[in-house]
Amino acid sequence: MTPMLYRATFMHTPLDPFREADALHVQEDGGLLIGGGVIRSSGDFAALHAAHPDAPVTDLRGGVLLPGFIDTHVHYPQVRIIGGLGMPLLDWLDRCALPEEARLADATYARAVAREFLGGLARNGTTTALVFGSHFAGAMDEFFDEAATSGLRTVAGQVVSDRMLRGELHTTPERAYAEGKALIERWHGQGRARYAVTPRFSLSASEGMLDACAALMREFPDVHFTSHLNENRAEIQTVRGLFPDARDYLDTYDRAGLLGRRSVFAHSVHTTDRELHVMAAHHCSAAHCPCSNSSLGSGLFPLGRHLAAGVHVALGTDVGGGTGFSMLKEGLQAYFMQQLQAGDRVALTPAHLLYLCTRAGAQALDLQDHIGDFGVGKAFDAVWLRPGAGSTLEAVLQHADSAPGTLAALYANGTQADVARVWVGGDPVYDRPHTPSGTAV
Ligand code: GUN
Ligand code: ZN
Numbered sequence: 001m002t003p004m005l006y007r008a009t010f011m012h013t014p015l016d017p018f019r020e021a022d023a024l025h026v027q028e029d030g031g032l033l034i035g036g037g038v039i040r041s042s043g044d045f046a047a048l049h050a051a052h053p054d055a056p057v058t059d060l061r062g063g064v065l066l067p068g069f070i071d072t073h074v075h076y077p078q079v080r081i082i083g084g085l086g087m088p089l090l091d092w093l094d095r096c097a098l099p100e101e102a103r104l105a106d107a108t109y110a111r112a113v114a115r116e117f118l119g120g121l122a123r124n125g126t127t128t129a130l131v132f133g134s135h136f137a138g139a140m141d142e143f144f145d146e147a148a149t150s151g152l153r154t155v156a157g158q159v160v161s162d163r164m165l166r167g168e169l170h171t172t173p174e175r176a177y178a179e180g181k182a183l184i185e186r187w188h189g190q191g192r193a194r195y196a197v198t199p200r201f202s203l204s205a206s207e208g209m210l211d212a213c214a215a216l217m218r219e220f221p222d223v224h225f226t227s228h229l230n231e232n233r234a235e236i237q238t239v240r241g242l243f244p245d246a247r248d249y250l251d252t253y254d255r256a257g258l259l260g261r262r263s264v265f266a267h268s269v270h271t272t273d274r275e276l277h278v279m280a281a282h283h284c285s286a287a288h289c290p291c292s293n294s295s296l297g298s299g300l301f302p303l304g305r306h307l308a309a310g311v312h313v314a315l316g317t318d319v320g321g322g323t324g325f326s327m328l329k330e331g332l333q334a335y336f337m338q339q340l341q342a343g344d345r346v347a348l349t350p351a352h353l354l355y356l357c358t359r360a361g362a363q364a365l366d367l368q369d370h371i372g373d374f375g376v377g378k379a380f381d382a383v384w385l386r387p388g389a390g391s392t393l394e395a396v397l398q399h400a401d402s403a404p405g406t407l408a409a410l411y412a413n414g415t416q417a418d419v420a421r422v423w424v425g426g427d428p429v430y431d432r433p434h435t436p437s438g439t440a441v
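According to UniProt numbering, the sequence shown is numbered sequentially starting from 1.
Below, the structure written as structure tokens:
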């Protein structure tokens, strides 16, 4: 297959800016040579063009090319209920999320929701997502089928619970195991799909249910695990009452054997030092969801304490407790919330925000050898941010005098409208439509 040469100013974070200096790599007028969906060579455009004169050139000058965004916590069945404001977590679940999730018992409804959800990811430049699925196995088949059509990378699983939600959403440990096994055998490793064992949270999962999840993890050791942890004080209090023998919330998962390097815990707002220590020892990740934490009033994520304990942190939108699919907005909100920390503030730079939206997510999914940056050998998963003509972002970018300044402007001003094109494994998965006047919509 003839390699393609992409010409663009690109930025990426092949290093971790929380640990290393100069983590932001910038290539002005750069080239990326793509063959078989993989980056074969990268550097200065003129030099690459001279070395590969026959490679067709795709000109992406204007704007910035970034690695595709990686959303490490987002709920597929909640796309239609984004924007339920004014409630704390448990009320919001009862009034907004769970009634909608019950509707996915209907496979036709589920397929339409899946399509809207995947469209929302692609339009916002998200190329990989760790997706909290539906309680219904049929809705997961619809999801994985639609995901294959979309071209996106998804790590997703059926959500399982056996108490305290609504009857329609409950299952038994035996059924959860059987349906999970069938879904893993059908979908895990098929194309760009992977499976994540997903008890909703310990509040809605008995010990028997967590044991059924652990049995799946033992039988299929390369699948992922995800759940919620320490999001809201009333939730934590309830979990304490349900697991009187557990040391704390994390221990409810740990005792079942659910902690590992592919375990991602969403929120982790009120996590204790003991829990952080155990998470780090097991190489678990936290998915920080700042828009959701703000909207549901869950609290200020203690990023500094996670980092000090050695817990890996990535970002998630938490749609629909979160307020949309934009990882740019999520990064900006993460920055805002650090600004609001009374003590223990982590001063996030634009490089940190890019890292949290890209390579950090790849590492949380243990996919850092395949995606997350523009290193040679990585898949060409990319988002081309090019502001719409006449937009504020276009004006601001014209005056940015440094790469970090450009990135900061993208985070402060960028929206879905600025996402011009998106690729996964070299395949285009989104192309911004244009109005007749040429203005982006
Ligand atoms: N905890 C259990 N379920 C959910 C959910 O759907 N959203 C959030 N934010 N937290 C949860
Ligand atoms: Zn969530």
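Think of the CB as a built atom: it goes at the ideal place given N, C-alpha and C, for glycine as much as any other residue.
Problem - Expected contact under 8 angstroms - CB spacing of Ala308 and Pro88 to nearest Å - result: Not a contact, Cβ separation roughly 28 angstroms.
Practice task
Specify the secondary structure class of Asp273 as computed by DSSP and reduced to three states.
Solution key: Correct three-state label for Asp273: helix.
Practice task
Tell me whether the beta-carbon of Arg111 lies closer than 9 angstroms to the beta-carbon of Val159.
Solution key: Val159 sits away from Arg111, with the two beta carbons spaced by 9 angstroms or more.
Practice task
Leaving aside the five residues before and after Glu28 along the sequence, list all residues of the same chain whose C-beta is less than 6 angstroms from its C-beta, in chain order.
Solution key: The residues are Thr9.
Problem - Buried/exposed call for Ala205, threshold 16 Cβ in 10 Å - result: With 16 or more other CB atoms across the displayed protein chains lying within 10 angstroms of its CB, Ala205 is buried.
Practice task
Kindly indicate which three-state DSSP category Asp106 falls into: helix, strand or coil?
Solution key: Coil.
Problem - Cβ-based burial, residue 453 [other Cβ within 10 Å; buried from 16] - result: Nothing about residue 453 can be reported from this structure: the residues present for the chain run from 1 to 441 only.
Handout entry: Residue closest to Met1, alpha-carbon to alpha-carbon, out of Phe325, Gly37, Thr172
Key = Selected option, being the one with the closest Cα: Gly37.
Problem - Where Val57 sits in the DSSP three-state scheme - result: Val57: strand per DSSP, three-state reduction.
Handout entry: Residue from Ala193, Met164, Arg255 whose Cα sits closest to the Cα of Ala212
Key = Per the C-alpha coordinates, the member of Ala193, Met164, Arg255 positioned closest to Ala212 is Arg255.
Exercise for the section: For the beta strand (DSSP E) containing Gly43, list its first residue and its last residue. Expected result: For Gly43, the enclosing beta strand (DSSP E) has its first and last residue at 38 to 44.
Handout entry: Of the listed residues Gly310, Leu259, Asp251, nearest to Ala280 (C-alpha basis)
Key = Nearest C-alpha to Ala280 among Gly310, Leu259, Asp251: Gly310.
Handout entry: Contact test: Leu354 Cβ vs the ligand GUN heavy atom, cutoff 8 angstroms
Key = Leu354: no, Cβ never under 8 angstroms from the ligand GUN.
Problem - Which of helix, strand or coil DSSP assigns to Phe136 - result: Secondary structure at Phe136: coil, using DSSP grouped into helix, strand and coil.
Exercise for the section: Can you have a look at residue 443 and say buried or exposed, based on whether 16 or more other CB atoms are within 10 angstroms of its CB? Expected result: Because residue 443 is not part of the residues shown, which for the chain are 1 to 441, the question remains open.
Exercise for the section: Determine contact between the stretch 135 to 155 and the stretch 236 to 249, defined as no fewer than three beta-carbon pairs at a distance below 8 angstroms. Expected result: Contact between the stretch 135 to 155 and the stretch 236 to 249 is not established, with fewer than three Cβ pairs separated by less than 8 angstroms.
Exercise for the section: Closer than 6 angstroms by C-beta to Gly425: which residues in its own chain qualify, once you throw out the five before and the five after it? Chain order, please. Expected result: If you ignore the 5 residues before and after Gly425, its C-beta comes within less than 6 angstroms of the C-beta of Gly37, Ala379, all in its own chain and listed in chain order.
Practice task
For Pro244, name the three-state secondary structure that DSSP assigns.
Solution key: Pro244: coil per DSSP, three-state reduction.
Problem - Length of the line joining the Cα atoms of Asn413 and Gly331 - result: In a straight line, the C-alpha of Asn413 is about 12 angstroms away from that of Gly331.
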